[in-house]
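See structure below.
Have a look at this one:
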């Protein structure tokens with residue numbers, strides 16, 4: 003973590019909202035993308051990632067500024083998204099396809115950098131995965147977390163991380179194969 | 147090592163997460179099985195593609211709007227707390243006054259008075275129970291610890 007960010011986070015802890023603004027802007031893209039991947043809907047993702055930043059601000063005193071901000075924030079974001087998914091499942095107000103948003107519009111890969119046909123197809127494939135599979139793909143490939151880190155964050159054994167990732171990638175390959183045929 | 151076992155470990159191998167001993171067994175099998183080599187190559191391509199994916203960085207204007215959204219929520223949070231506290235206090239005071247008047251009024255039957263008191267007592271018990279449940283759930287919720295990191 004850069005010295006600058008540590009100083010910014012110290013200022014956040016002291017109640018400096020402008021400093022928090024810099025932190026929010028630094029991670030906004032990654033946060034919205036991650037929420038979109040978890041929720042399957044860009045509009046709700048924006049709202050969820052903002053809500054997570056508000057929660058992060060309210061709990062900033064409990065944050066250890068010597069550790070990086072994003073992993074801590076991302077745990078909060080996952081909680082927010084999980085709550086929304088649970089609420090969504092209870093209410094059943096959103097038209098769901100395989101447990102997530104409408105793939106025709108909501109999974110449009112607008113939040114992806116350096117797009118090409120293959121990456122767009124891959125994004126659509128990821129969006130068709132189940133919630134736990136999307137979550138583990140996000141943690142491994144977008145957040146570049148180790149198996150140990152994923153296991154700790156999800157509260158599951160490393161063996162389960164390995165088998166879940168294996169199943170997620172297999173499901174993704176099947177989806178992509180189905181799409182191209 | 148069987149091909150099934152190989153397939154199960156292939157992802158961990160590519161991620162560099164296999165322990166030394168398993169990696170050695172994995173590579174031995176890899177050297178002797180054409181089908182598994184093909185399988186690994188396909189999985190490697192997928193993994194590399196996934197590793198190359200990045201989220202788009204928003205432009206300055208988008209970032210400004212985003213931060214404004216967060217900032218407004220931060221401000222509104224205090225407003226909501228004050229509003230809720232004020233509403234609860236006002237409602238409680240109003241309810242207390244109404245019940246007090248009703249109990250003092252000899253024209254209202256005792257049965258109705260008992261009924262209203264039971265209704266209020268029930269509401270209070272339910273509210274306390276619900277509050278306690280929420281607090282206990284929050285305490286044992288395994289995800290709540292994540293904000294403490």
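Protein chains in written order, with this note's numbering: chain W, 3 to 183; chain P, 147 to 295.
Here a beta-carbon is modelled for each residue, glycine too, at the ideal position from N, C-alpha and C.
Every value quoted in this text rests on a predicted model; they were computed, and no experiment measured them.
Host alpha helix (DSSP H) of residue 31 of chain W (start-end): Along the first chain, one-based indexing puts residue 31 of chain W at 29. Start and end: 19-41.
Nearest candidate by alpha-carbon position, reference residue 72 of chain W, set W:180, W:16, W:174, W:141: Within the first chain, the letter at position 70 stands for residue 72 of chain W. From the listed residues W:180, W:16, W:174, W:141, the smallest Cα separation to residue 72 of chain W is found for W:141.
Minimum C-alpha distance to residue 38 of chain W - residue among W:163, W:178, W:23, W:130: On the first chain, residue 38 of chain W is found 36 positions in, with the first residue counted as 1. When each option's Cα is compared against that of residue 38 of chain W, the closest is W:130.
C-beta neighbour in chain P for residue 93 of chain W, strict 9 Å: Taking the first residue of the first chain as 1, we reach residue 93 of chain W at position 91. For residue 93 of chain W, the answer is no, since every Cβ of chain P falls outside 9 Å of its Cβ.
Contact belief for residue 139 of chain W with residue 196 of chain P at Cβ below 8 Å, rounded distance in angstroms: Working through the first chain from its first residue, we reach residue 139 of chain W at position 137. Working through the second chain from its first residue, we reach residue 196 of chain P at position 50. Yes, they are in contact, since the Cβ atoms of residue 139 of chain W and residue 196 of chain P sit about 7 Å apart, within 8 Å.
Test: residue 152 of chain P CB closer than 9 Å to a CB of chain W: As a first step, residue 152 of chain P is located in the second chain; it is residue number 6 there, counting from the start. False, the Cβ-Cβ gap to chain W never drops below 9 Å.
Residue-level contact to chain P via CB, residue 164 of chain W, 9 Å cutoff: As a first step, residue 164 of chain W is located in the first chain; it is residue number 162 there, counting from the start. For residue 164 of chain W, the answer is yes, since a Cβ of chain P falls inside 9 Å of its Cβ.
Residue span of the alpha helix (DSSP H) that contains residue 158 of chain W, given as start and end: By 1-based counting over the first chain, the position of residue 158 of chain W is 156. Careful: residue 158 of chain W lies outside any alpha helix (DSSP H) and carries neither H nor E.
Separation of residue 15 of chain W from residue 7 of chain W, as counted between CA atoms: By one-based count along the first chain, residue 7 of chain W stands at place 5. By one-based count along the first chain, residue 15 of chain W stands at place 13. Taking the straight line joining both Cα atoms gives about 12 Å.
Proximity below 9 Å, CB of residue 217 of chain P to CB of residue 30 of chain W: Here residue 217 of chain P is taken as the residue at index 71 of the second chain, counted from 1. Here residue 30 of chain W is taken as the residue at index 28 of the first chain, counted from 1. Not in contact: residue 217 of chain P and residue 30 of chain W (Cβ atoms no closer than 9 Å).
Closer than 9 Å to chain P by CB, residue 30 of chain W: For the purposes of this step, residue 30 of chain W is taken as residue 28 along the first chain, with counting starting at 1. With 9 Å as the cut-off, residue 30 of chain W counts as an interface residue toward chain P.
Minimum Cβ-Cβ distance from residue 120 of chain W to chain P less than 9 Å: Locating residue 120 of chain W in the first chain gives position 118, where the first residue counts as 1. So, interface residue.
9 Å Cβ cutoff met for residue 153 of chain P and residue 185 of chain P: The sequence position of residue 153 of chain P within the second chain is 7, counting from 1. The sequence position of residue 185 of chain P within the second chain is 39, counting from 1. In this structure, residue 185 of chain P lies closer than 9 Å to residue 153 of chain P by Cβ.
Residue span of the alpha helix (DSSP H) that contains residue 192 of chain P, given as start and end: In the second chain, the residue the question calls residue 192 of chain P occupies position 46. Residues 180-198.
Chain C contact residues for residue 114 of chain W, given Cβ-Cβ distances below 8 Å: Among the protein chains of the structure shown, namely W and P, there is no chain C.
Under the three-state DSSP convention, the category residue 242 of chain P falls into: Mapped onto the second chain, residue 242 of chain P falls at position 96. Helix.
Residue 182 of chain P classed as buried or exposed, judged by whether at least 16 other C-beta atoms fall within 10 angstroms: Working through the second chain from its first residue, we reach residue 182 of chain P at position 36. Classification of residue 182 of chain P: buried, given that the 10 Å Cβ count is 16 or more.
Residues of its chain near residue 168 of chain P, where Cβ-Cβ distance is below 7 Å and the 5 sequence neighbours each way are ignored: What you label residue 168 of chain P is simply residue 22 of the second chain in a count that begins at 1. Excluding positions up to five away in sequence, the list reads 155.
Inter-residue spacing [alpha-carbon to alpha-carbon] between residue 166 of chain P and residue 272 of chain P: Sequence index remark: in the second chain, residue 166 of chain P carries index 20 (1-based). Sequence index remark: in the second chain, residue 272 of chain P carries index 126 (1-based). The C-alpha of residue 272 of chain P is placed about 58 Å away from the C-alpha of residue 166 of chain P.
Residue 48 of chain W versus residue 34 of chain W - alpha carbon distance: The residue labelled residue 48 of chain W in the question sits at position 46 within the first chain. The residue labelled residue 34 of chain W in the question sits at position 32 within the first chain. Approximately 5 Å, taken between the alpha carbons.
Contact under 9 Å by Cβ, residue 163 of chain P with residue 164 of chain W: Stepping through the second chain from its first residue, residue 163 of chain P is reached at position 17. Stepping through the first chain from its first residue, residue 164 of chain W is reached at position 162. Yes, these two residues count as a Cβ contact at 9 Å.
Contacting residues, own chain, Cβ-Cβ under 8 Å from residue 190 of chain P (five flanking each side not counted): Sequence index remark: in the second chain, residue 190 of chain P carries index 44 (1-based). Short of 8 Å from the beta carbon of residue 190 of chain P, and not among the five residues preceding or following it, lie these beta carbons of its own chain, in chain order: 160.
CB contact check: residue 168 of chain W to chain P, cutoff 9 Å: For this step, residue 168 of chain W is matched to residue 166 along the first chain. Yes, because at least one Cβ of chain P sits closer than 9 Å to the Cβ of residue 168 of chain W.
First and last residue of the uninterrupted alpha helix (DSSP H) at residue 143 of chain W: On the first chain, residue 143 of chain W is found 141 positions in, with the first residue counted as 1. Segment: none, residue 143 of chain W is in no alpha helix (DSSP H) and carries neither H nor E.
Range of the contiguous alpha helix (DSSP H) that encloses residue 44 of chain W: In the first chain, residue 44 of chain W corresponds to position 42, counting from 1. First-last of the alpha helix (DSSP H) with residue 44 of chain W: 44-60.
8 Å contact criterion, which residue 19 of chain W and residue 220 of chain P should meet: CB distance rounded: Counting from 1 along the first chain, the entry for residue 19 of chain W is found at position 17. Counting from 1 along the second chain, the entry for residue 220 of chain P is found at position 74. About 7 Å; that satisfies the 8 Å criterion.
Coarse secondary structure for residue 131 of chain W, derived from DSSP in three states: In the first chain, residue 131 of chain W corresponds to position 129, counting from 1. Of the three classes helix, strand and coil, the one that applies to residue 131 of chain W here is coil, per DSSP.
Against chain P: residues of the stretch 35-64 of chain W by CB proximity under 9 Å: Taking 9 Å as the Cβ-Cβ cut-off, the stretch 35-64 of chain W approaches chain P at 35, 36, 38, 39, 48, 49, 51, 52, 53, 55, 56, 57, 58, 59, 60, 61, 64, given in chain order.
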